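Report on one structure; see the data block that follows.
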């Protein structure tokens, strides 16, 4: 009998360890466990009926290890003229739980702006951290044919991230540089705030008093020296080393370095690294 009880105890212990391991894996993987809710389904259906809106996905779930506090998320696409109506509809919703939102806003000039919003306190209104309709309208006016994400990063910096890997080389991004301050101002942010631009071919933080100098430098490098990629970092990245990284013909090295040295920008004295040209 002791052997029987010992076997049962061992089996139970193994089962408990296995169950704990499964829950641990679920926790690490952030595995979602659906928690359907009729009121959430009604919210998604109401949003879907808004003119110019397509709900691409909607989910309500819990996660290990507590399996409590359900999270709700709606992903949608909306045409720029219908964005204000969408925001009003969401703000008037009576769904009681917080909802995270992912929006893709299509403008008339071929651009797409991705936005993420969390609930604004105890009300269901979407909180982007800036004036989303104003920002989208400015991009629709001045920055055509680009797919980007606009957000306030954890460090509080306003960032425009080009998410399209086929956005092109540096010359194609000059309109975004040209109107970066206009976009920031249209978003209702303080005019003293810097703007960070990130793309495959461009990575730069433009302070409020540097816009004209950066635009002049990048235009010169792109149009007169064949620069296809530009990255400037004053030492805030993981290696802590300030540098400028360039993709261009080595024949243009002297002209490029001279343009940077005489730019009057904080990067003027940083080392310049020339990266291999991409095919």
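Numbering (our numbering), first residue to last: 98 to 376. All C-beta atoms in this analysis are idealised placements derived from N, C-alpha and C, irrespective of residue type, glycine included. Keep in mind that this is a model prediction, so the values were computed, not measured.
| Query | Result |
| --- | --- |
| Cβ shell of residue 206 (< 6 angstroms), same chain only, five flanking positions each side left out | 237, 241 |
| Start and end residues, beta strand (DSSP E) containing residue 321 | Taken as a continuous stretch (DSSP letters only), residue 321 belongs to no beta strand (DSSP E), being part of the alpha helix (DSSP H) at 308–321. |
| Classification of residue 250 by the beta-carbon crowding that lies within 10 angstroms, buried from 16 upward | exposed |
| Start and end residues, alpha helix (DSSP H) containing residue 303 | Element bounds for residue 303: not the alpha helix (DSSP H) but the beta strand (DSSP E), 299–303. |
| Local Cβ density within 10 Å of residue 157, reported as buried at 16 or more and exposed below that | buried |
| CA-to-CA distance, residue 253 to residue 355, given in whole angstroms | 33 angstroms |
| Continuous alpha helix (DSSP H) stretch holding residue 185: start and end | 180–188 |
| Where residue 328 sits in the DSSP three-state scheme | strand |
| Where residue 148 falls, given that 16 or more other Cβ within 10 Å makes a residue buried | exposed |
| From 268, 289, 270, 151, residue whose alpha carbon lies closest to that of residue 278 | 289 |
| Assigned secondary structure, residue 286 (DSSP; H/G/I helix, E/B strand, else coil) | coil |
| Range covered by the beta strand (DSSP E) that runs through residue 143 | Note, residue 143: premise wrong, no beta strand (DSSP E); alpha helix (DSSP H) at 135–145. |
| Whole-angstrom distance between residue 247 and residue 312, CA atom to CA atom | 20 angstroms |
| Expected contact under 8 angstroms - CB spacing of residue 211 and residue 260 to nearest Å | 7 angstroms |
| With 16 other Cβ atoms within 10 Å as the buried cut-off, status of residue 208 | buried |
| Residue(s) in a DSSP beta bridge with residue 174 | 151, 201 |
| Contact set for residue 186: own chain, Cβ-Cβ below 6 angstroms, skip 5 residues either direction | 147 |
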